[in-house]
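A.B. asks:
Numbering (this note's numbering), first residue to last: 10 to 406.
#1: I need the DSSP call for residue 274, collapsed to helix, strand or coil.
#2: With distances taken between CB atoms, is the gap from residue 234 to residue 393 smaller than 7 Å?
#3: Drop a sphere of 10 angstroms on the beta-carbon of residue 405, count the other beta-carbons inside from all chains shown, and report buried for 16 or more, exposed for fewer.
#4: Roughly how far, in whole angstroms, is the beta-carbon of residue 19 from the beta-carbon of residue 337, given that I think they are within contact range, below 8 Å?
#5: Grouping DSSP H, G and I as helix and E and B as strand, with all else coil, what is residue 376?
#6: Quick one, which of 54, 315, 219, 30 has its alpha-carbon nearest residue 371's?
#7: Span of the beta strand (DSSP E) holding residue 232?
#8: Cβ atoms of residue 304 and residue 166: under 7 Å apart, would you say?
#9: Who are the near neighbours of residue 232 in its chain, counting only those whose CB is closer than 7 Å to its CB and skipping five residues on each side?
#10: From the DSSP output, in three-state form, read off residue 295 for me.
#11: Rounded to whole angstroms, what's the CA-CA distance from residue 58 to residue 162? Just pull it up for me.
#12: Looking at the secondary structure, which residues open and close the alpha helix (DSSP H) in which residue 361 lies?
#13: Would you check if the stretch 174–185 and the stretch 137–146 touch, i.e. whether three or more CB-CB distances between them fall below 8 Å?
#14: In this structure, how does DSSP classify residue 15 when only helix, strand and coil are distinguished?
#15: If we count the other Cβ atoms within 10 Å of its Cβ and call it buried at 16 or more, is residue 274 buried or exposed?
#16: Residue 108 bridges to which residues according to DSSP?
#17: Residue 81 and residue 152: beta carbons closer than 7 Å?
#18: Starting from the N-terminal side, write out each stretch of the alpha helix (DSSP H) that is 4 residues or longer and does not extend beyond the stretch 165–228.
#19: With DSSP as the reference, identify every bridge partner of residue 370, one or two as the case may be.
#20: Applying the criterion that 16 or more other CB atoms from any shown protein chain within 10 Å of the CB defines a buried residue, is residue 95 buried or exposed?
#21: Give the C-beta separation of residue 381 and residue 289 to the nearest angstrom, bearing in mind that I take them to be a contact with Cβ-Cβ under 8 Å.
#22: Considering only residues of the same chain and omitting the five flanking positions on each side of residue 66, which have a CB-CB separation below 7 Å?
#23: Which one or two residues does DSSP pair with residue 118 in a beta bridge?
#24: In or out: residue 191 buried (at least 16 other Cβ within 10 Å) or exposed?
#25: Under 7 Å, do residue 258 and residue 55 count as touching if we go by C-beta distance?
#26: Do the CB positions of residue 128 and residue 104 come within less than 7 Å of each other?
#27: Could you check if residue 220 is buried or exposed, using at least 16 other CB atoms within 10 Å of its CB as the buried criterion?
#28: In chain order, what residues of the same chain lie with their CB nearer than 6 Å to the CB of residue 385, ignoring the 5 residues before and after it?
#29: Assuming contact is defined by CB atoms lying nearer than 7 Å, are residue 71 and residue 215 in contact in what I supplied?
#30: What does the alpha-carbon distance come out to for the pair residue 34 and residue 330?
#31: Using CA coordinates, which residue listed in 61, 375, 295 is at the minimum distance from residue 17?
#32: Taking its Cβ as the centre, do 16 or more other Cβ atoms sit within 10 Å of residue 365, making it buried, or is it exposed?
#33: So for residue 336, helix, strand or coil by DSSP?
#34: Determine whether the beta carbon atoms of residue 83 and residue 196 lie at a separation below 7 Å.
#35: Would residue 243 be called buried (16 or more neighbouring beta carbons within 10 Å of its own) or exposed?
#36: In this structure, how does DSSP classify residue 396 when only helix, strand and coil are distinguished?
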């Protein structure tokens, strides 16, 4: 079986730009190029588009427009949330809680603060990579100011019980009589899970435009009104002094339209992706011996399938798939050049050898059953062939 073109199964890494989104962006590169901080007509055209985009995002998040801050990426949003709250509440406490499976945008931001006197607790996850509310509750102490736990894991797809974690934080906060802020990295959840911040119970939430068919170099940080926060970037005082720098109007327009579109087709997309994901999971487990599904078997992002294959490493699998016209990954695109095993899989208790043999397949709304059948045919044959090559087996084999 063959298919035309590349079979793209790395939507957790990035997505294509929606043509309708690009069409809406183009005029603001050329015709309506004004600075939204300018008072003249050209500038006010840009200001109107900025306000309209903020309103559009706020409807998806079910929040006030003024609580939406536009940033340059999901990484910036995560860093801003962590640094912003940590510094704002520095006089009341120096303890931050996160999990051992967070994206590096969160982990490295927390690690950066440690030499400055901040204490970081990395709560463990269960065998499925899930953070338990009880673990967060138990980790909170009289110096805790911030908890940051991701919504959906970017590598293994496990969905954390964010609303239950929020309730445990609020309960402990009330018991201690202190302010404890809750942030979630929701970058992988957009387009697949509800982003209603009221239902989630979070104070801050991060998004990245290019994960839901928006432009790269765009992000959102939701900051609940009244949340203690100091800006990471200083300058002209844009975004109500929470993120200085002239706003990227074309990018913001693109992000807001892409988010609105992704949310409108969320249920349909989730069902389609989950059906294809289940086809992949069932077939791979049945047809390839020595396969482990990583992540929660049911509480996982509908587009995510992550496997570990005994006896072989991930890199030759990826190269073999690429030669067959299939784009996949072994984990986070931000660390794909690293030879180190996935910190997420290590946190699940896997050996370094097993963790190096992982494959992440992430679907999108364009993928078809025909593409999945092609993938399965190639993957089964590829794994069998690689296992016959002693030079490509892991030390564990």
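Yeah, the Cβ is synthetic: ideal placement off N, Cα and C, and Gly gets one too. Source: prediction; values computed, not measured.
C.D. replies: So, from the data block:
#1: coil
#2: no
#3: The predicted position of residue 405 is uncertain, since its pLDDT is 41 and thus under 50; a value taken from the coordinates is nonetheless stated next. The residue is exposed, with fewer than 16 neighbouring Cβ atoms inside 10 Å.
#4: 6 Å
#5: coil
#6: 315
#7: 228–232
#8: Their beta carbons are under 7 Å apart, which means residue 166 touches residue 304 by this criterion.
#9: 76, 78, 213, 238, 251
#10: helix
#11: 33 Å
#12: 361–364
#13: yes
#14: coil
#15: exposed
#16: 132
#17: no
#18: 171–185, 206–209
#19: 314
#20: buried
#21: That pair is a contact at about 6 Å.
#22: The residues are 77, 229, 265, 268.
#23: None; residue 118 has no bridge partner.
#24: buried
#25: yes
#26: yes
#27: buried
#28: 292
#29: It is not a contact, given that the beta carbons lie outside the stated cut-off.
#30: 34 Å
#31: 375
#32: buried
#33: Strand.
#34: yes
#35: By the neighbour-count rule (16 or more Cβ atoms within 10 Å), residue 243 is not buried but exposed.
#36: In this structure, residue 396 counts as coil in the three-state DSSP scheme.
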